[in-house]
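Trainee: Sequential numbering from 464 applies to the sequence shown in this note's numbering. Built from N, CA and C at the ideal position, the CB exists for glycine as well. This is the structure I want to talk about, given as structure tokens.
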Amino acid sequence: MVKLIGIKKINIAVFISGTGSNLKNLISHSLRKKSRYKICLIISNNSKAKGLNYAKKHNINKKIIHYENITNAEKTILKELKRNSIDLVCLAGFMKILSAKLIKKFKGKIINIHPSLLPKYKGLNTHQRAIENKEKFCGCSVHYVNSKLDSGKIILQKKVRIFKNDTAEKIKKKVLKQEHILYPKAISKVIVNL
Ligand code: GAR
Numbered sequence: 464m465v466k467l468i469g470i471k472k473i474n475i476a477v478f479i480s481g482t483g484s485n486l487k488n489l490i491s492h493s494l495r496k497k498s499r500y501k502i503c504l505i506i507s508n509n510s511k512a513k514g515l516n517y518a519k520k521h522n523i524n525k526k527i528i529h530y531e532n533i534t535n536a537e538k539t540i541l542k543e544l545k546r547n548s549i550d551l552v553c554l555a556g557f558m559k560i561l562s563a564k565l566i567k568k569f570k571g572k573i574i575n576i577h578p579s580l581l582p583k584y585k586g587l588n589t590h591q592r593a594i595e596n597k598e599k600f601c602g603c604s605v606h607y608v609n610s611k612l613d614s615g616k617i618i619l620q621k622k623v624r625i626f627k628n629d630t631a632e633k634i635k636k637k638v639l640k641q642e643h644i645l646y647p648k649a650i651s652k653v654i655v656n657l
């Protein structure tokens, strides 16, 4: 935690695997005058993740994690979290599953954004499955990470209407827009308890 004019700033690490639109949005929120947090570290399992470009642009530390061996990968992750004095981990399109051991070490301090109204549609291809099931609503959820996939306590959710002609791609865009509103709100809610 960095103390700035009497305000404690929470140090956040964002984990990504791809585009990083949520990361980009969280960085821009963190740069607001009254922000209570700072993005200090970007971690990716994918050296080609587009979102890694935001590290250079905003002068944020980054680390690419090689996942051939999960034990070694997570050792490196823990080392980086310590080195950067991270208080909260935000998974944002990170497509690797963290081990129960790592989650335990960072208990209550890892959150994730998922593109569905959990507990519905855990895992992948959420929008396509919602269309196939003729759902009227889809959405996004921010939740604490526990050892079961997409199953931790829900922090916030936002519903998005599915219309007749919506494709998975259309829904993805609509939901992403809501994710960018939801994730900063969820972080604000969580950091008061850290
Ligand atoms: C987001 O829609 C996020 O909810 C999803 O990946 C996308 C990442 O987009 N996460 C998952 O599916 C995790 N199970 P982004 O890279 O543009 O932030």
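#1: In or out: Leu486 buried (at least 16 other Cβ within 10 Å) or exposed?
#2: Looking at the unbroken beta strand (DSSP E) that takes in Ser604, where does it start and where does it end?
#3: Taking the straight line between their C-alpha atoms, what separation do you get for Tyr646 and Asp629?
#4: Please report how far the alpha carbon of Ile523 lies from the alpha carbon of Phe626, in whole angstroms.
#5: So, does the region 572-579 touch the region 498-511, judging by three or more C-beta pairs under 8 Å?
#6: Can you give me the start and stop residues for the beta strand (DSSP E) that His577 sits inside?
#7: So for Arg499, helix, strand or coil by DSSP?
#8: Over what stretch of residues does the alpha helix (DSSP H) that includes Lys648 continue unbroken?
#9: Leaving aside the five residues before and after Ile505 along the sequence, list all residues of the same chain whose C-beta is less than 6 Å from its C-beta, in chain order.
#10: If you drop the 5 nearest sequence neighbours on each side, which residues of the same chain put their C-beta closer than 8 Å to that of Ile436?
#11: Measure from the alpha carbon of Ser610 to the alpha carbon of each residue in Ser604, Leu657, Ser562 and Ile644, then state which is nearest.
#12: Using only the alpha-carbon positions, how far apart do Gly571 and Val608 sit?
#13: When you compare each of Ala536, Val638, Lys599 and Asn474 to Ser507 by their alpha carbons, which one comes out closest?
#14: Say the cut is 7 Å; is the CB of Asn485 nearer than that to a heavy atom of the ligand GAR?
#15: My output table needs one value for Asn535: the three-state DSSP class, helix, strand or coil.
#16: Considering only the alpha carbon of each residue, which of Lys637, Lys513, Ser491 and Leu612 lies closest to Ile566?
#17: If you measure from the CB of His529, is any heavy atom of the ligand GAR nearer than 7 Å?
#18: Per DSSP, what kind of secondary structure is Ser562 in: helix, strand or coil?
Mentor: Walking through what the data contain:
#1: Locating residue 486 in the sequence shown gives position 23, where the first residue counts as 1. So Leu486 counts as buried.
#2: The residue you call residue 604 lines up with position 141 of the sequence shown. Counting along the chain, the beta strand (DSSP E) containing Ser604 begins and ends at Phe600 to Tyr607.
#3: Taking the sequence shown and counting its residues from 1, the one referred to as residue 646 is at position 183. Taking the sequence shown and counting its residues from 1, the one referred to as residue 629 is at position 166. Going from the Cα of Tyr646 to the Cα of Asp629 covers about 24 Å.
#4: Translated into positions along the sequence shown, residue 523 becomes position 60. Translated into positions along the sequence shown, residue 626 becomes position 163. Rounded to whole angstroms, Ile523 to Phe626 spans 40 Å at the Cα level.
#5: no
#6: Along the sequence shown, one-based indexing puts residue 577 at 114. Looking at the DSSP string, the run of the beta strand (DSSP E) that includes His577 is Ile573 to His577.
#7: By one-based count along the sequence shown, residue 499 stands at place 36. Arg499: coil per DSSP, three-state reduction.
#8: Counting from one through the sequence shown, the residue named residue 648 turns up at place 185. It spans Ala631 to Ile654 - the alpha helix (DSSP H) in which Lys648 sits, taken as one unbroken run.
#9: Taking the sequence shown and counting its residues from 1, one reaches residue 505 at position 42. Hits under 6 Å: Val477, Ala518, Ile523 and Lys525.
#10: An answer regarding residue 436 cannot be provided, because it is not within the stretch 464 to 657 covered by the chain.
#11: In the sequence shown, counting from the first residue as 1, residue 610 sits at position 147. Here the closest residue by C-alpha is Ser562.
#12: The sequence position of residue 571 within the sequence shown is 108, counting from 1. The sequence position of residue 608 within the sequence shown is 145, counting from 1. Rounded to the nearest angstrom, the two C-alpha atoms are 8 Å apart.
#13: For the purposes of this step, residue 507 is taken as the residue at position 44 of the sequence shown. Residue Ala536 is the option with its Cα nearest to Ser507.
#14: Here the question's residue 485 lines up with position 22 in the sequence shown. Yes, the Cβ of Asn485 comes within 7 Å of a heavy atom of the ligand GAR.
#15: Against the sequence shown, residue 535 aligns to sequence position 72. Helix, per DSSP.
#16: Mapped onto the sequence shown, residue 566 falls at position 103. Residue Leu612 is the option with its Cα nearest to Ile566.
#17: In the sequence shown, counting from the first residue as 1, residue 529 sits at position 66. Answer for His529: no, Cβ out of range of the ligand GAR.
#18: Along the sequence shown, one-based indexing puts residue 562 at 99. The answer is coil: DSSP assigns Ser562 none of H, G, I, E or B.
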